[in-house]
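S.K.: The structure is given below, and queries will be raised subsequently.
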Amino acid sequence: MTGMKPSTDHHMLPGLTRTVTARAGANFALVKYWGKRDPALNLPAVGSISVTLDGLYSRCRVRLDPEAAGDSVRVNGRDDAAAARRAGRILESVRALAASQVPARIESDNNFPTGAGLASSASGFAALVTAVAAAYGVSLAPAQMSELARLGSGSAARSIWGGFVEMLPGVRDDGSDAVARPLADPEHWPLEVVIAITDEAVKTVASTEGMERTRLTSPFYSAWVEHQPAQLDTMRRAIAERDFEQMAAIAEASALTMHGLAMSARPGLIYFNAATVACLHRIRALRAAGVPVCFTVDAGPQVKAICLPEAADRVASELADIPGVLRLTRSGLGPGARLE
Ligand code: DP6
855 MTGMKPSTDH HMLPGLTRTV TARAGANFAL VKYWGKRDPA LNLPAVGSIS
905 VTLDGLYSRC RVRLDPEAAG DSVRVNGRDD AAAARRAGRI LESVRALAAS
955 QVPARIESDN NFPTGAGLAS SASGFAALVT AVAAAYGVSL APAQMSELAR
1005 LGSGSAARSI WGGFVEMLPG VRDDGSDAVA RPLADPEHWP LEVVIAITDE
1055 AVKTVASTEG MERTRLTSPF YSAWVEHQPA QLDTMRRAIA ERDFEQMAAI
1105 AEASALTMHG LAMSARPGLI YFNAATVACL HRIRALRAAG VPVCFTVDAG
1155 PQVKAICLPE AADRVASELA DIPGVLRLTR SGLGPGARLE
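Quick note on numbering: the sequence shown equals residues 855 to 1194 in the numbering used here.
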């Protein structure tokens, strides 16, 4: 970790620590991240652009415990070894800055299904970094928080910020320039999102494994990486100009290209189910009829319909009617990670 300085005024006495709580919104990408240039440091091969939500979030509570034998991480009330491994890298970095060896007890909860393509790792690690840094008394700039959150999950780097966010792939080997930056506040363009849940179970190939398989086996992977900067340029402009048609065109193209790429891996990754595909067709038909809505899909079968606020009720009732849609979740855009 380069350029990070521990704060000097927060040194804590072992045994006297309080519980620190932080909250971060889930995010999903309008221009997708898929593929790493360095899997060890979680450095993305491509930049990405996302929106942070207010209605889907993680809350993370951290308490330093000098009596504990080691760190513990519980997610939604259960010990989570995979999350603990990822959190371990963050804890190591923060403890080095704090010159501390005290273990941490971490509890994280999501108000939405975990691991089913609703980006729980993004909000989870963004909240975790925010709470862990505060618990150890280390004050970090948001870019540094973003760098640490990325160690947990690439997309978590984006949930440090609210509204519209761009993740930079960076070029440095140490990852110090692979961080997210804000593009616009939620108020700049208050979009609404209707999420169609088509399967609550966790049974897809996780993004980390899926993107690595894609990088290693897809014949089209290098074309994906080369194509991405043009997509990012157009999306940045569409957001700045609040140009819904342009945003919709690029968001759908990026999602379909990512899924096409994933399908071209060996063995091919199929994240869609029948209801996913039916939702995509319905959203396309609505937009053709003049309703400002477009879709995106991540590494799972849920469909995120992005719309202008006036279209959200209509979009929700249309998606609710589709066989296989189990339920809907709605959200606006929200702020970045913060302490409570
Ligand atoms: C499809 O951030 O979950 O949601 O960095 O391996 O933890 P790791 O992957 P993760 O991948 C997100 C992939 C995606 C697209 C996106 O959010 O940009």
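The beta-carbon is built from N, C-alpha and C at its ideal position, and this holds for glycine as well.
Taking Cβ to Cβ, would you say A1116 is nearer than 7 Å to G1186?
M.R.: Cβ atoms of A1116 and G1186: not closer than 7 Å.
S.K.: Give me, in chain order, the residues of the same chain whose beta-carbon lies closer than 6 Å to that of R891; leave out the 5 immediate sequence neighbours on both sides.
M.R.: L897, A899.
S.K.: Sort V1151, A876, W1078 by Cα distance to S1118 and report the nearest one.
M.R.: With distances taken between Cα atoms, S1118 lies closest to W1078.
S.K.: What is the DSSP secondary structure of G1144, counted as helix, strand or coil?
M.R.: In this structure, G1144 counts as coil in the three-state DSSP scheme.
S.K.: Under the DSSP definition of a beta bridge, which residues are partnered with S974?
M.R.: According to DSSP, which records beta bridges pairwise, S974 is partnered with nothing at all.
S.K.: Could you work out which residue in L884, A985, C1148 is closest to V874 when comparing CA atoms only?
M.R.: The candidate whose alpha carbon is nearest that of V874 is A985.
S.K.: Short of 6 Å in beta carbon distance, which residues of its chain neighbour H864, apart from the five on each side in sequence? Order them along the chain.
M.R.: Note that H864 scores 44 on pLDDT, short of 50, meaning its location in the model is unreliable; the coordinates nonetheless yield the value given after this. So the list reads G991, once near-sequence residues are dropped.
S.K.: Would the C-beta of G1008 count as close to the ligand DP6, meaning under 6 Å from any of its heavy atoms?
M.R.: Checking every heavy atom of the ligand DP6 against the Cβ of G1008, one is found closer than 6 Å.
S.K.: Identify whether E1020 lies in helix, strand or coil by the three-state DSSP scheme.
M.R.: Residue state, collapsed to three classes: strand.
S.K.: Exposed or buried, Q1082, counting other C-beta atoms within 10 Å across all chains shown (16 or more means buried)?
M.R.: Burial call: buried.
S.K.: Any heavy atom of the ligand DP6 closer than 6 Å to the Cβ of K1158?
M.R.: Every heavy atom of the ligand DP6 is 6 Å or more from the Cβ of K1158, so no.
S.K.: Suppose you measure from the CA of L1140 to the CA of S993; what does that come to, to the nearest Å?
M.R.: C-alpha separation (whole angstroms): 47 Å.
S.K.: Counting only the same chain and skipping the five closest in sequence on each side, list residues whose C-beta sits under 8 Å from that of S861.
M.R.: For S861, the predicted model reports a pLDDT of 44, less than 50, meaning its position is unreliable; a value from the coordinates is still stated below. If we look at S861 and ignore the five residues flanking it on each side, its Cβ neighbours are G991, V992, S993.
S.K.: To the nearest angstrom, report how far apart N881 and S1171 are at their CA atoms.
M.R.: C-alpha separation (whole angstroms): 23 Å.
S.K.: Just reading off the beta strand (DSSP E) that Y911 is part of, what are its end residues?
M.R.: Counting along the chain, the beta strand (DSSP E) containing Y911 begins and ends at 902–918.
S.K.: How would you label E1046, buried or exposed, when you count the other beta carbons within 10 angstroms and need 16 or more for buried?
M.R.: By the neighbour-count rule (16 or more Cβ atoms within 10 Å), E1046 is buried.
S.K.: Do S1007 and A976 count as a contact pair if the criterion is CB distance below 7 Å?
M.R.: Contact: yes.
S.K.: Answer with buried or exposed for R1181, where buried requires no fewer than 16 other C-beta atoms within 10 angstroms of its C-beta.
M.R.: Under this definition R1181 is an exposed residue.
S.K.: Does at least one heavy atom of the ligand DP6 sit under 6 Å from the Cβ of S1185?
M.R.: No; taking the cut-off as 6 Å, the Cβ of S1185 has no heavy atom of the ligand DP6 nearer than that.
S.K.: Does the distance from the C-beta atom of G1130 to that of P1155 stay below 7 Å?
M.R.: Position check: residue 1130 holds Thr in this sequence, whereas Gly was assumed. Cβ distance < 7 Å, so T1130 and P1155 count as in contact.
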